[in-house]
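Line by line, the protein sequences give chains E and Z. Read left to right, the first sequence gives residues 5 to 328 (the working numbering). Read left to right, the second sequence gives residues 5 to 328 (the working numbering). We put the beta carbon where it would ideally sit given N, CA and C, even for glycine.
2 protein chains.
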Amino acid sequence: MKGIIAEKPGGAEQLIYAEMPEPTLEPGDLLIDVRATAVNRTDILNREGRLGYANNPIIGVEVAGEVAESNGHPDFKKGDRVMGLVNGGGYAEKVAMPADRAMKMPDALSFEEAAAIPEVFLTAYQTLYWIANLQEAETVLIHAGASGVGTAAIQLAKVMSNAQIITTAGSKEKLDYCHKLGADTVINYKEQDFAEEVLQATNQKGVDVILDFVGASYWEKNYKSIAVDGRWVLIGVLGGSTVNQVSLMDIMAKRIQLTGTLLTPRSDEYKAELSKDFISKAFTYFEQGKVRPVVDITFPITEAAEAHQYMEANKNIGKITLKV
Amino acid sequence: MKGIIAEKPGGAEQLIYAEMPEPTLEPGDLLIDVRATAVNRTDILNREGRLGYANNPIIGVEVAGEVAESNGHPDFKKGDRVMGLVNGGGYAEKVAMPADRAMKMPDALSFEEAAAIPEVFLTAYQTLYWIANLQEAETVLIHAGASGVGTAAIQLAKVMSNAQIITTAGSKEKLDYCHKLGADTVINYKEQDFAEEVLQATNQKGVDVILDFVGASYWEKNYKSIAVDGRWVLIGVLGGSTVNQVSLMDIMAKRIQLTGTLLTPRSDEYKAELSKDFISKAFTYFEQGKVRPVVDITFPITEAAEAHQYMEANKNIGKITLKV
Numbered sequence: 005m006k007g008i009i010a011e012k013p014g015g016a017e018q019l020i021y022a023e024m025p026e027p028t029l030e031p032g033d034l035l036i037d038v039r040a041t042a043v044n045r046t047d048i049l050n051r052e053g054r055l056g057y058a059n060n061p062i063i064g065v066e067v068a069g070e071v072a073e074s075n076g077h078p079d080f081k082k083g084d085r086v087m088g089l090v091n092g093g094g095y096a097e098k099v100a101m102p103a104d105r106a107m108k109m110p111d112a113l114s115f116e117e118a119a120a121i122p123e124v125f126l127t128a129y130q131t132l133y134w135i136a137n138l139q140e141a142e143t144v145l146i147h148a149g150a151s152g153v154g155t156a157a158i159q160l161a162k163v164m165s166n167a168q169i170i171t172t173a174g175s176k177e178k179l180d181y182c183h184k185l186g187a188d189t190v191i192n193y194k195e196q197d198f199a200e201e202v203l204q205a206t207n208q209k210g211v212d213v214i215l216d217f218v219g220a221s222y223w224e225k226n227y228k229s230i231a232v233d234g235r236w237v238l239i240g241v242l243g244g245s246t247v248n249q250v251s252l253m254d255i256m257a258k259r260i261q262l263t264g265t266l267l268t269p270r271s272d273e274y275k276a277e278l279s280k281d282f283i284s285k286a287f288t289y290f291e292q293g294k295v296r297p298v299v300d301i302t303f304p305i306t307e308a309a310e311a312h313q314y315m316e317a318n319k320n321i322g323k324i325t326l327k328v
Numbered sequence: 005m006k007g008i009i010a011e012k013p014g015g016a017e018q019l020i021y022a023e024m025p026e027p028t029l030e031p032g033d034l035l036i037d038v039r040a041t042a043v044n045r046t047d048i049l050n051r052e053g054r055l056g057y058a059n060n061p062i063i064g065v066e067v068a069g070e071v072a073e074s075n076g077h078p079d080f081k082k083g084d085r086v087m088g089l090v091n092g093g094g095y096a097e098k099v100a101m102p103a104d105r106a107m108k109m110p111d112a113l114s115f116e117e118a119a120a121i122p123e124v125f126l127t128a129y130q131t132l133y134w135i136a137n138l139q140e141a142e143t144v145l146i147h148a149g150a151s152g153v154g155t156a157a158i159q160l161a162k163v164m165s166n167a168q169i170i171t172t173a174g175s176k177e178k179l180d181y182c183h184k185l186g187a188d189t190v191i192n193y194k195e196q197d198f199a200e201e202v203l204q205a206t207n208q209k210g211v212d213v214i215l216d217f218v219g220a221s222y223w224e225k226n227y228k229s230i231a232v233d234g235r236w237v238l239i240g241v242l243g244g245s246t247v248n249q250v251s252l253m254d255i256m257a258k259r260i261q262l263t264g265t266l267l268t269p270r271s272d273e274y275k276a277e278l279s280k281d282f283i284s285k286a287f288t289y290f291e292q293g294k295v296r297p298v299v300d301i302t303f304p305i306t307e308a309a310e311a312h313q314y315m316e317a318n319k320n321i322g323k324i325t326l327k328v
């Protein structure tokens, strides 16, 4: 079978679609005929050789496809349409997926749409609910609202919690899209001071929850934007990692909970439990069309390099998927 | 009646025992004849005029005493022995206490002992269980183990969770005392690198929970000491507030939850709920003598200045109380 690997650690041009050995199934694994996979920033780090924990030479952490071998598992049979996280190896014709994290696909969705769900919706669900404990009608600031996780988080926070949602993005087109997905207040971070806008939108109270993909360059404005007892979830450092002169007294004064998180390096058990909890709560929203995966563009898997370049140029609204 | 106020914001010498108006009862308040109160670092900040939220000119946030007027409350009658947090005014002959946070005193305890419970045991309970979600048999690093909160946290973590407890302190006497209270590993921070000792005591895993009273000067060593998915609770900045460089990627890589907290400025509802939850879980431990308040020394209330100086010299193991 074929799969995408990086010939050498480096740029997108290193990606090649090479003949690779079939995946080895561990007990409890399903063998999946991959129909679609999707691009994540972790894939870019992996391509660059910057992930310590990637064992599989084939890139890719999520797929949608059909069960090719259920390996005796009682809940799945050959031909079932499933989606889910994999431990690497997603950009390929076949992949092994632990059955306990396989999610049955909503009937209404195509494989390209379903491949756009696992990583970003599980991350949005995990950060909003497992980590930030978002409550009904609370306020949430979602940075990079037009990103994959952003578009998922806006929809979940609105439909599951009727949250007051404030998002930032860098273009009118992206902001309009966030608004359409359910954001109440949209802020162009290139033209507006988002902290001022957040305080105005919340009667100077600040937001209960921040999903922060940006890190260092937003530190002070995020601090201004958060309410007392706010939960600040750090899931990316696109604006740098190092913050100078952090005041711990400020963190105490606002009683802030700051949590750093990453999904990919977590344990199999965690991913299984998260997948189960998520799909049990969100499946009907997908079936009813109240929540939907946002696919910006789909490339054939042979053009994985172009797909990476597209993400690196920040062109996308929502997900970039690969058709296998 | 008389109460301790600061004549001017400043040092301990500013404290005087002055004739003051009787407390005004709000609906739901008990009037307490104070028998004992206790010294907290927040009292020192208050004396120095550094607390924005202190309205009562009389210093003091916790008392033990007898109910003088139950104000019609069905659960309390005149003469009941109670302890609890007050909204200022503790260093006095009488104080108003919201009934919903009054805790009945265990029979075995004197007033001086009971006055040593509310602030530090509620803080220890809140940080370990409400914030850090300490689980059975987890590992916890408790800095300033011989402090009021430290001595409370060691006992609670051991008796309620059978935790593996690592504490730091600055003298052999304090470390021996921590060990006697239940600490498994004791570290003299003046002589040992606590991060190295913590890693050795946890098979290089690090601790699940840190109670941090120190802040900036321990930042890097605390980071080294914490396990993946660790919860780091910041409740003091005795070692400074400003950290020169914080790496957000490090916080993400270890998936750390860093929470700043303070008890005194929290809402009445929060204090009531915390007091109820705490006493429902811990009352029997006090009755059985499995957990006990640690009183280092008791001063007469007329010597409140000496009591403050004693705390400022870091001489105490456990609490400093004032007999009224």
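In terms of residue numbering, what span does the alpha helix (DSSP H) encompassing residue i cover?
i: R51/E; result: 45-51
i: Q159/E; result: 152-165
i: S229/E; result: 223-229
i: V124/E; result: 122-129
i: K333/Z; result: Missing from the structure shown is residue 333/Z; chain Z here goes from 5 to 328 and no further.
i: Y314/Z; result: 308-316
i: A42/E; result: Segment 33-42 is the beta strand (DSSP E) holding A42/E; no alpha helix (DSSP H) there.
So which of the options has the shortest CA-CA distance to residue i?
i: A231/Z; options: T263/Z, L185/Z, L145/Z; result: L145/Z
i: E97/Z; options: G88/Z, K6/Z, I62/Z, F115/Z; result: K6/Z
i: V163/E; options: E177/E, R296/E, Q196/E; result: R296/E
i: Q18/E; options: E195/E, H77/E, A40/E, A311/E; result: A311/E
i: W236/Z; options: E116/Z, I48/Z, H147/Z, D79/Z; result: H147/Z
i: P269/Z; options: S165/Z, N91/Z, Q130/Z; result: N91/Z
i: E142/E; options: H77/E, P25/E, K209/E, N59/E; result: K209/E
i: G322/E; options: M101/E, A128/E, E30/E, E224/E; result: A128/E
i: S114/Z; options: M87/Z, I8/Z, A317/Z, L185/Z; result: M87/Z
i: Q196/E; options: V218/E, T171/E, L185/E; result: T171/E
i: F290/Z; options: G186/Z, Q159/Z, Y314/Z; result: Q159/Z
i: L185/E; options: Y21/E, G149/E, G64/E; result: G149/E
i: V247/Z; options: D233/Z, A220/Z, E224/Z; result: A220/Z
i: R259/Z; options: G244/Z, A173/Z, D233/Z; result: D233/Z
i: K12/Z; options: I48/Z, K327/Z, K280/Z, N192/Z; result: I48/Z
i: E201/E; options: V250/E, E117/E, S229/E; result: S229/E
Using a beta-carbon distance below 9 Å, is residue i in contact with chain E?
i: I20/Z; result: no
i: D47/Z; result: no
i: V38/Z; result: no
i: I135/Z; result: yes
i: Q208/Z; result: no
Are the Cβ atoms of residue i and residue j separated by less than 9 Å?
i: Y222/E; j: D254/E; result: no
i: T263/E; j: A119/E; result: no
i: D33/E; j: G69/E; result: no
i: N320/Z; j: I301/Z; result: yes
i: E73/Z; j: A10/Z; result: no
i: L138/Z; j: D212/Z; result: yes
i: A42/Z; j: N75/Z; result: no
i: Q168/Z; j: T206/Z; result: yes
i: V124/E; j: A156/E; result: yes
i: G154/Z; j: F198/Z; result: no
i: L252/Z; j: L55/E; result: no
i: V328/E; j: Y95/E; result: yes
i: V190/E; j: P122/E; result: no
Contact criterion: CB-CB distance below 9 Å. Does residue i meet it with respect to chain Z?
i: A257/E; result: yes
i: D254/E; result: yes
i: Q139/E; result: no
i: V211/E; result: no
Tell me the residue span of the beta strand (DSSP E) that contains residue i.
i: T288/Z; result: Premise fails: T288/Z lies in the alpha helix (DSSP H), 272-291, not in any beta strand (DSSP E).
i: I191/Z; result: 189-192
i: D216/Z; result: 211-216
i: Q261/Z; result: 261-264
i: E195/E; result: Unbroken run through E195/E: none, as it is neither H nor E.
i: A173/Z; result: 168-173
Query raised in the report: Which of the residues in the region 260-284 of chain E, read from start to end, lie with their CB under 7 Å from any CB of chain Z?
Result: I260, Q261, L262, T263, G264, T265, L266
Requested in this report: Return the residues of the region 233-245 of chain E that lie within a Cβ-Cβ distance of less than 7 Å from chain Z, sorted by chain order.
Outcome: Listed by position along the chain: L238, V241, S245.
Requested in this report: Could you please tell me which residues of the region 218-231 of chain E, in chain order, have their CB closer than 7 Å to any CB of chain Z?
Outcome: G219, A220
Query raised in the report: For the region 50-70 of chain Z, which residues have a CB atom closer than 8 Å to at least one CB atom of chain E, in sequence order?
Result: none
Query raised in the report: Listed from N- to C-terminal order along the chain, which residues in the region 158-172 of chain Z have their beta-carbon within a distance smaller than 8 Å of any beta-carbon of chain E?
Result: none
Query raised in the report: Using a beta-carbon distance cut-off of less than 7 Å, what residues from the region 288-309 of chain E approach chain Z?
Result: So the list is empty, because no residue satisfies the distance condition.
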